[in-house]
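**Student:** Structure incoming, see below.
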Amino acid sequence: MAIHPAVFPRELEDEAIYIIREVAAQFEKPVLLFSGGKDSITLVRLAQKAFYPGKIPFPLLHVDTGHNFEETIQFRDELVAELGLELIVRYVQDSIDQKKVVEETGKYASRNVLQTVTLLDAIEEFGFDACIGGARRDEEKARAKERIFSVRNDFGQWDAKKQRPELFDMLNGRISLGENVRVFPISNWTELDVWNYIKEEQLAIPSIYYAHERETFERDGQILPYSSFITVSEDELVSTRTVRFRTVGDMTCTAAVESKAVAIEDIIGEILSATVSERGARIDDKRSEAAMEKRKQSGYF
Amino acid sequence: MDVLKIATAGSVDDGKSTLIGRLLFETNSITTDKLEAIMASSKKKGLDYVDLSLLTDGLIAEREQGITIDVAHIYFSTPKRKFIIADTPGHFEYTRNMVTGASNANVSMILVDARNGVVEQTFRHFYISCLLRIPNVVVCVNKMDLVGYAETTFEEIKAEFLAFAEKVRFPGQEISFIPVSSLYGENLVKTSEHMPWYTAAPLLTLLENVPLEQHLSEEAGRFPVQYVVRPKSEEFHDYRAYAGKVASGLLRKGERIMVLPSGQETTIARIEKFGREIEAAQAKESISLLLQDDVDISRGDMIVPISQLPQQGRQLDATICWMDKKPLRVGGTYLLQHGVNTAKAKVSALSNLVDVVTLGTDTEVAELKLNEIADVQLRTAKELFYDSFAENKANGAFIVIDEQTNSTVGVGLIK
Ligand SMILES: Nc1nc2c(ncn2[C@@H]2O[C@H](COP(=O)(O)OP(=O)(O)OP(=O)(O)O)[C@@H](O)[C@H]2O)c(=O)[nH]1
Ligand SMILES: [Mg+2]
């Protein structure tokens, strides 16, 4: 895999800020979906810049699966406190308790799919008309097809075959009642762009992005974090490894990579020489060839 | 770091997606997990080769039918620059998605199947590339492996393309030709051994050296106001800034400006980026502008240097490309979005429906159907401040929105 170190192309930041300002101007009730991962941390920074010295004029929403890395939640709360942001949290556990969704069982059980229901409920509860997300087109083949302003019908569904034309930089955020728009300001960034940006902006990130010791086990050729949320079979040996994570998802579906990265430069170095993509470490994408598109159709990010 | 935006074009099955897949493969830009997934699906489809078009054809429907339906954006980089590729569909039905991909491109990469030569979609896509004033066109004569890598075939197609191109290209538009085989990677990254008669650089080298548009800063200064920043906090009690992206040209601190539509004049007191002061801002930069005097400005207004005023009026003459199943009709009312400004508009006349093959025009036009191109005259409910698209892309284009469906149904390029 050959990618080249390069510096961060500043025009990507200008473009993202422009998009975020359009959201604030065109919508009544926008929200920023915040997972605590590097992409949403980047979004928060961009939103801060877009309205400085004013405050970010919309809240953050975290859909908490209950299967998060502890470090992410801690990081989230610190960031929110430091920047004086408004944070809304909605829990997948509540959706399970209300019998809106059924917990998966078995070896590959995950709450990744369930969170869509919690998200759609939250959108309805608050009447959000625009949800800003940190998805990037380089992540996955269905995401590569997304518009920057991506309209969802009143069931939260994405219709890939009926996307609006999106011309030049003109963003059409008009929607009918009940519909909402998913907005992707960092559509055109790659994983490396995000890391170079975090480095140049000196942004803090959760500690799990750096190498640390952790109890892990191997499954299907990948290293998974051991936790009480996951069923480990007898032949899967749990052992301590020095690892880091390339993406922050659920503990049940985010694989680790062995790593020695203690500084951001090391992370960038590792990405430059990685042969596997970022989402190659996401078990949720591997369920089927079209796993992402199918989840998006049902309202997933 | 440079970013070059490329959009593919050309008829269905001419090999656009395969070319992009192969280019990424040859530059080592596909990660092993993605490559393995492509290999597995090729096998599942019963193919005895790796179908690299699967890299961009990511939708279920696309994979089933083996065609591209919507634009995929693909990213890769070489030590020289970052590339953003919009792989667009060749099928006539999805022309609006092709236009979406092409609207931001610096380079239009048009593929031609060497066996079929130039076909109607080739003309259409080239015509659209010219309408959008894409400064560089690279014509890839593809599937050379199927014509025995024959120079004569390449030369014939080139001549045919040029004969057409001379009638529609605009001054300064660069057109280059290159014989390739996407399937076998000939002339993509390395010079092909099968075509010693082609002595110019392979595709990637050509793309690495395409000059980027430098003239943006030389255009007239245009600053559409996106958002008014008024923190009203203790610390920034009287702070008021106008946030937006410089559409074109240059804005300098201390410059005399006019606010449109009000016509009030004042001076740029300060230009900021996240609180940091800068002396000047150029096209594409997202900034905040602070002005000397308290003037009334809201979203959709435009700030321009007093020495570079745009055209103004309530009547627009434009070329329009229609993108909706429901035709555009004379007398119809729409919403027009010009940058970040919107205005109601009524279609007062339609003329010169273009036939992209013969280039003939039909003067009597009652309606404009999906994917058709014609001249339009619009009357807007309020005064707009614009430039001709040829002079200023950023301030010379608009989209048309259907107020019933809220969908974007057309794009207009101001004459
Ligand atoms: N022999 C040969 N076949 C090719 C070449 N390039 C593409 N093909 C084949 O042509 C067919 C169509 O290729 P695609 O890449 O899907 O074509 P496309 O232009 O992207 O088509 P649309 O996106 O649907 O407009 C596939 O079967 C390819 O394998 C080539 O250089 N040589
Ligand atoms: Mg294709």
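Here the protein sequences come in this chain order: A and B.
So that you can map any letter, position 107 of the first sequence is 107 in full-length UniProt numbering, and since no number is skipped, the others follow by simple counting.
So that you can map any letter, position 176 of the second sequence is 176 in full-length UniProt numbering, and since no number is skipped, the others follow by simple counting.
The beta-carbon is built from N, C-alpha and C at its ideal position, and this holds for glycine as well.
#1: Can you find the residues in the same chain that come closer than 6 Å, C-beta to C-beta, to His73/B, ignoring five residues on each side of it along the sequence?
#2: Contact criterion: CB-CB distance below 7 Å. Does Gly66/B meet it with respect to chain A?
#3: Rounding to the nearest angstrom, what Cα-Cα distance links Ile69/B and Tyr94/B in this structure?
#4: In angstroms, rounded to a whole number, what distance separates the CA positions of Asn196/A and Val113/A?
#5: Give me the subset of the stretch 188-204 of chain A whose CB atoms are less than 7 Å from a CB atom of chain B, sorted by chain position.
#6: When the Cα atoms are used, what is the spatial distance from residue 417/B to Arg295/A?
#7: Counting only C-beta atoms, is Leu59/B closer than 7 Å to chain A at any point?
#8: Pull up the DSSP beta-bridge partners for residue 434/B, would you.
#9: Let me know the secondary structure DSSP gives Thr31/B once reduced to three states.
#10: When you compare the CB of Phe274/B with every CB in chain A, is at least one pair closer than 7 Å?
#11: Does Ala72/B get closer than 7 Å to chain A when you measure Cβ to Cβ?
#12: According to DSSP, Val238/A sits in a beta bridge with which residue or residues?
#13: Considering only heavy atoms of ligand 2, list every residue whose Cβ is less than 7 Å from one of them, following chain order.
#14: At what residue ranges does the stretch 42-67 of chain B contain a whole run of the alpha helix (DSSP H), taking only runs of 4 or more?
#15: Determine which residues of the stretch 263-276 of chain A have a Cβ less than 8 Å from any Cβ of chain B, and write them out in chain order.
#16: Distance cutoff 7 Å, beta carbons only. Does Asp14/A sit that close to anything in chain B?
#17: Where Ala397/B and Ile19/A are concerned, what is the direct C-alpha to C-alpha distance, given to the nearest angstrom?
#18: Quick one: any contact between the stretch 200-211 of chain A and the stretch 36-52 of chain A, if contact means 3 or more CB pairs under 8 Å?
#19: What would DSSP say about Asp362/B, mapped onto helix, strand or coil?
#20: Do Ser110/A and Lys34/B have their beta-carbon atoms positioned less than 7 Å apart in this structure?
#21: Compute every distance between the C-beta of Val262/A and the non-hydrogen atoms of ligand 1, then say whether any falls below 6 Å.
#22: Is the stretch 315-327 of chain B touching the stretch 138-153 of chain A, taking contact as three or more C-beta pairs under 8 Å?
#23: Mind listing the chain B neighbours of Asn172/A? Cutoff is C-beta to C-beta under 7 Å, in chain order.
#24: Would you call Leu12/A buried or exposed, if buried means 16 or more other Cβ atoms sit within 10 Å of its Cβ?
#25: Kindly examine ligand 1 and report whether one of its heavy atoms sits closer than 6 Å to the Cβ of Asn371/B.
#26: What does the alpha-carbon distance come out to for the pair Met1/A and Gly15/B?
#27: At the 7 Å Cβ level, is Tyr94/B part of the contact set with chain A, yes or no?
#28: Helix, strand or coil for residue 416/B? Go by DSSP, reduced to three states.
#29: Compare the C-beta of Arg299/B against all C-beta atoms of chain A and say whether one is closer than 7 Å.
#30: Got a sec: which bits of the stretch 243-263 of chain B sit with their beta carbon under 8 Å from any beta carbon on chain C, in order along the chain?
#31: Quick check on Leu378/B: does DSSP put it in helix, strand or coil?
#32: Alpha carbon to alpha carbon, how far is Gln292/B from Lys253/B?
#33: Do Val304/B and Arg222/B have their C-beta atoms within less than 7 Å of each other?
#34: Give the residues of chain B in contact with Gln163/A, contact being defined as C-beta atoms less than 8 Å apart.
#35: Phe274/B: which of Val23/A, Leu79/A, Pro53/A sits nearest, CA to CA?
#36: Which runs of the beta strand (DSSP E) spanning at least 3 residues fall entirely within the stretch 152-240 of chain A, listed in chain order?
**Tutor:** By the coordinates alone:
#1: Hits under 6 Å: Ala86.
#2: no
#3: 6 Å
#4: 31 Å
#5: Asn188, Thr190
#6: A query on residue 417/B cannot be resolved here, the shown segment of chain B reaching from 1 to 415 and no further.
#7: yes
#8: No answer is possible for residue 434/B: it lies beyond the span of chain B, which begins at 1 and ends at 415.
#9: coil
#10: yes
#11: yes
#12: Partner(s): none; Val238/A has no beta bridge.
#13: Screening all residues for a C-beta within a distance smaller than 7 Å of any heavy atom in ligand 2 leaves Lys16/B, Ser17/B, Ser53/B, Thr56/B, Asp57/B, Ile67/B, Thr68/B, Asp87/B, Pro89/B, Gly90/B, in chain order.
#14: 60-65
#15: So the close ones are Ala274, Thr275, Val276.
#16: With 7 Å as the cut-off, Asp14/A counts as an interface residue toward chain B.
#17: 18 Å
#18: yes
#19: strand
#20: no
#21: Short note on Val262/A: C-beta not closer than 6 Å to any heavy atom of ligand 1.
#22: no
#23: Gln337, Ile399, Ile401, Thr408
#24: buried
#25: no
#26: In this predicted model, Met1/A has a pLDDT of only 47, less than 50, meaning its place in the structure is not dependable; the value taken from the coordinates is given anyway. Taking the straight line from one Cα to the other gives about 24 Å.
#27: no
#28: The requested residue 416/B does not occur in the structure, where chain B is confined to residues 1 to 415.
#29: yes
#30: Considering every chain present, this structure includes no chain C. Its protein chains are A and B.
#31: strand
#32: For Gln292/B and Lys253/B, the distance between alpha carbons rounds to 10 Å.
#33: yes
#34: Neighbours of Gln163/A on chain B, chain order: Asp70, Asn97.
#35: Among Val23/A, Leu79/A, Pro53/A, the Cα nearest to that of Phe274/B belongs to Pro53/A.
#36: Scanning the stretch 152-240 of chain A for uninterrupted beta strand (DSSP E) segments of 3 residues or longer gives 180-183, 212-219, 222-225, listed from N- to C-terminal end.
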